[in-house]
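Counting in the numbering used here, the sequence shown runs from 648 upward without gaps.
Note that beta-carbon positions come from the ideal geometry of N, C-alpha and C, so glycine has one too.
Model, not experiment: these values are computed from the prediction.
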Amino acid sequence: QGHLVESGGGLVQAGGSLRLSCVASESIAGANYMAWYRQAPGKQREFVAHIISGGSPIYTDSVKGRFTISADNAKNTLYLEMNSLKPEDTAVYYCNVYKSRNVWGQGTQVTVSS
648 QGHLVESGGG LVQAGGSLRL SCVASESIAG ANYMAWYRQA PGKQREFVAH IISGGSPIYT
708 DSVKGRFTIS ADNAKNTLYL EMNSLKPEDT AVYYCNVYKS RNVWGQGTQV TVSS
């Protein structure tokens, strides 16, 4: 059974940067869908960004121009580079990979102070 492990979260001041990593226990090469979601306290989980095999990255409007999703197949790792962070970006961030099955990571906390 494959699993995903996120890391890279933490506490950062507004305007700062973080890079989240999501390491897969199995190869992500050829994955149909790889994405990041987030869930803020008291809110539903929301889409942040995704990569679809053969397609261009897609971002939710609130992070366009600030976040970059990428993948390194050789390292079986999905990344989320986050710049110009805002307090409203505070949330638990989850990675999600669909290849032969849909798998979620356990989440990593990102806290942005004002």
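Going by CA-CA distance only, name the one from the options that's closest to residue i.
{"i": "Ala696", "options": "Asn679, Gln756, Lys711 and Gly656", "result": "Lys711"}
{"i": "Tyr726", "options": "Gln686, Gln660 and Ile675", "result": "Ile675"}
{"i": "Glu693", "options": "Ala682, Thr758, Ser703 and Tyr745", "result": "Ala682"}
{"i": "Gly677", "options": "Thr755, Ile699, Val757 and Tyr740", "result": "Ile699"}
{"i": "Tyr626", "options": "Arg748, Val757, Arg685 and Ser747", "result": "With the chain covering only 648 through 761, there is no way to say anything about residue 626."}
{"i": "Pro688", "options": "Gln660, His650 and Thr737", "result": "Thr737"}
{"i": "Ser767", "options": "Gln691, Arg713, Ser717 and Lys690", "result": "What is shown of the chain runs 648 to 761, which leaves residue 767 out entirely."}
{"i": "Ser761", "options": "Val652, Glu728, Leu658 and Leu651", "result": "Leu658"}
Using 8 Å as the threshold, is the C-beta distance between residue i and residue j below it?
{"i": "Val670", "j": "Thr715", "result": "no"}
{"i": "Thr655", "j": "Ser672", "result": "The question names Thr, but residue 655 in the sequence shown is Gly. No, they are not a contact pair."}
{"i": "Val750", "j": "Val759", "result": "no"}
{"i": "Tyr740", "j": "Val757", "result": "yes"}
{"i": "Asn679", "j": "Lys722", "result": "no"}
Determine the burial state of residue i: buried for a count of at least 16 other Cβ atoms within 10 Å of its Cβ, exposed for fewer.
{"i": "Asp708", "result": "exposed"}
{"i": "Asp719", "result": "exposed"}
{"i": "Gly752", "result": "buried"}
Practice problem: Can you check the region 719-760 for any beta strand (DSSP E) of at least 3 residues that lies completely inside it and give the ranges in chain order? | Solution: Whole beta strand (DSSP E) segments, 3+ residues: 724-729, 738-745, 749-751 and 755-760.
Quiz item: How about the region 655-669 and the region 722-736: do they share at least three Cβ pairs that are nearer than 8 Å?
Solution: Counting Cβ pairs under 8 Å, three or more are found: they touch.
Exercise. Identify every run of the alpha helix (DSSP H) within the region 660-718, keeping only runs that are complete inside it and at least 4 residues long; order them along the chain.
Key: Taking 4 residues as the shortest admissible run, the region 660-718 contains no complete alpha helix (DSSP H) segment at all.
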